[in-house]
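Asks: At position 156 of the first sequence the residue is numbered 454 (our numbering), and the sequence of numbers has no breaks.
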Amino acid sequence: MPELPEVETVRRGLQPVLEGRRIVKLEQRRPDLRFPFPENFPERLAGRRIETVNRRSKYLVVGIEGGETLIMHLGMSGRFTIALAGGPATMPGLFTHDTGLNGAQPNTTSGSVGKNRWPNTTLHVNTSLRSVEQGSVGQQQNQHQQKHDHVVFHTEEGATVTYNDPRRFGFMVMTATADLQNHPLIGGLGPEPLGNALHAGHLAARAAGRTVDLKAFLMDQRNIAGLGNIYVCEALFRAGLSPQRAASSLARKSGNPTERAERLVTAIRSVLTQAIAAGGSSLRDYRQADGALGYFQHSFSVYGREGEPCATPACRGTVRRIVQAGRSSFLCPACQR
DNA sequence: CGCATCCCCTGCCTGC
DNA sequence: TGCAGGCAGGGGATGC
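Structural data, given as structure tokens:
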């Protein structure tokens, strides 16, 4: 499900449960997701402490005691559910939401966008898993086991972190921590959009002479890491740039960035920052009844809004959906040029 | 190298 | 109510 803001929100949810904690057991319930699980995956994690829970682009990067790193990707439909041991949340301010002992997902309609209805929480937190704690492995636990629960981490403190992924486009792989920066999945990534390495000059240098359109350019993780279909659409809308514009128009003949590139960087930063803030703020509100972790879906300006009036003040345009490289783009043809 | 196309998989919504 | 078709937040593999 995730683009960068969702992965960052998940990371922030997982960190206090996993970082510094020892994994006492790992359940792996199928041989693979998108890729095979690591060799001897359960044995390699059991008994070891998790040292760090970081993120790079859309990857969760988990440092494991003993010099290995677990790289996880949520694909299109991956989610984590946290279940704390024993009753109410012991970490006020983070854990928000009880999925219910039957595992029923919160049934909210507020998280739907247009025709698309995704699960509007990437990270569920269940604070009352008494029967899982007490139950013998097997029967009791199966009461809570959801379809497509593929991996369960058990911590020494009695918490469980369950990975669920219906489409199985996600994956978990391990690498030597020393080799992490050279890992094929990590090494070629462009700069983090919220870091100092992203600036107009970088985009201009990457885009100069490129014939691909801006949409494809921004989706290419080698140019900039962490954007996906939604936030590319949203950032281009904020910048007033058409997704069909040539990427090369971010650079002048001199190679310097155009004013468009400056606008684009500002737009990317603002949309991601606000999306992360939205996820984070609802994570903190543990009284929120429906358990929705907010995210930014409520605030999309163009994504999923085909046929609706453009949100730009005084713009009379209508949001259109087009297909680029087999995927939907949403734009206002009137104010995105 | 750049670029386009296809594919992995399941679930949900739409229209007939 | 059933069923077929389209679509979905990602990204790797392949072919030109």
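Cβ atoms here follow ideal geometry from the backbone N, Cα and C, with glycine treated the same way.
1) Just confirm the distance between the C-beta atoms of Ser375 and Pro464, as a whole number of angstroms; I'd bet it's less than 8 Å.
2) Using the C-alpha atoms, what's the distance from Gln519 back to Arg625?
3) If you draw a straight line from the alpha carbon of Ser434 to that of Val322, how long is it in whole angstroms?
4) Which runs of the beta strand (DSSP E) fall wholly inside the region 302–378 and span at least 3 residues, in chain order?
5) Between Phe628, Arg635 and Arg310, which lies nearest to Gly605 when the distance is taken from Cα to Cα?
6) Mind checking which residues open and close the beta strand (DSSP E) that includes His452?
7) For the region 468–478 and the region 355–374, state whether three or more C-beta atom pairs, one from each stretch, are separated by less than 8 Å.
8) Could you tell me which of Thr475, Arg618, Ala573 and Asn527 sits nearest to Glu349, measuring between CA atoms?
9) My assumption, with CB atoms under 8 Å, is that Val449 sits in contact with Leu312. Please give the rounded CB distance.
10) Alpha carbon to alpha carbon, what distance is there between Arg504 and Ala549?
11) Give me the residue from Ser355, Ser540 and Thr307 with the minimum Cα distance to Gly526.
12) Please classify Asn554: does DSSP put it in a helix, a strand, or coil?
13) Could you give the distance in angstroms between the alpha-carbon of Arg603 and the alpha-carbon of Arg567?
14) Per DSSP, what kind of secondary structure is Leu629 in: helix, strand or coil?
15) Less than 8 Å between the beta carbons of Leu331 and Phe451, yes or no?
16) Check for me: the beta strand (DSSP E) holding Val646 runs from which residue to which?
17) Quick check: what's the CA-CA separation for Glu532 versus Arg310?
18) Please go through the same chain and pick out, in chain order, the residues whose beta-carbon is closer than 6 Å to the beta-carbon of Arg328, but skip the five residues on each side of it.
19) Determine whether the beta carbon atoms of Arg346 and Arg320 lie at a separation below 8 Å.
20) Smallest Cα separation from Glu454: which of Ala383, Gln444, Pro541 and Leu562?
21) Could you check whether Glu363 and Ile528 sit closer than 8 Å to each other, using their CB atoms as the reference points?
Replies: Reading off the structure:
1) Yes, they are in contact, since the Cβ atoms of Ser375 and Pro464 sit about 5 Å apart, within 8 Å.
2) Cα-Cα distance, rounded: 16 Å.
3) Unreliable positioning characterises Ser434 in this predicted model, as indicated by a pLDDT of 24, which lies under 50. A coordinate reading is not provided.
4) List check, beta strand (DSSP E) in window: 321–326, 348–354, 357–362 and 366–371.
5) From the listed residues Phe628, Arg635 and Arg310, the smallest Cα separation to Gly605 is found for Phe628.
6) Per DSSP, His452 is one residue of the beta strand (DSSP E) stretching across Asp447 to Thr453.
7) The region 355–374 and the region 468–478 touch, with three or more beta-carbon pairs separated by less than 8 Å.
8) With distances taken between Cα atoms, Glu349 lies closest to Thr475.
9) The C-beta separation of Val449 from Leu312 comes to about 13 Å, leaving the pair out of contact by the 8 Å criterion.
10) Spanning the two alpha carbons is a distance of roughly 9 Å.
11) Out of Ser355, Ser540 and Thr307, Ser355 has the C-alpha closest to the C-alpha of Gly526.
12) The three-state secondary structure of Asn554, taken from DSSP, is coil.
13) Spanning the alpha carbons of Arg603 and Arg567 requires a straight line of approximately 22 Å.
14) Residue state for Leu629 is assigned as strand, using DSSP reduced to three classes.
15) Their beta carbons are not under 8 Å apart, which means Leu331 does not touch Phe451 by this criterion.
16) Given that the chain is displayed from residue 299 to residue 635, the structure contains no residue 646 and the question cannot be resolved.
17) Between Glu532 and Arg310, the C-alpha separation is close to 23 Å.
18) Residues of the same chain with a CB within less than 6 Å of the CB of Arg328, apart from the 5 flanking positions on each side, are His448 in chain order.
19) Going by C-beta atoms, Arg346 is nearer than 8 Å to Arg320.
20) The shortest C-alpha separation from Glu454 is found at Ala383.
21) Judged by beta-carbon spacing, Glu363 lies beyond the 8 Å limit of Ile528, meaning their Cβ atoms are not closer than that value.
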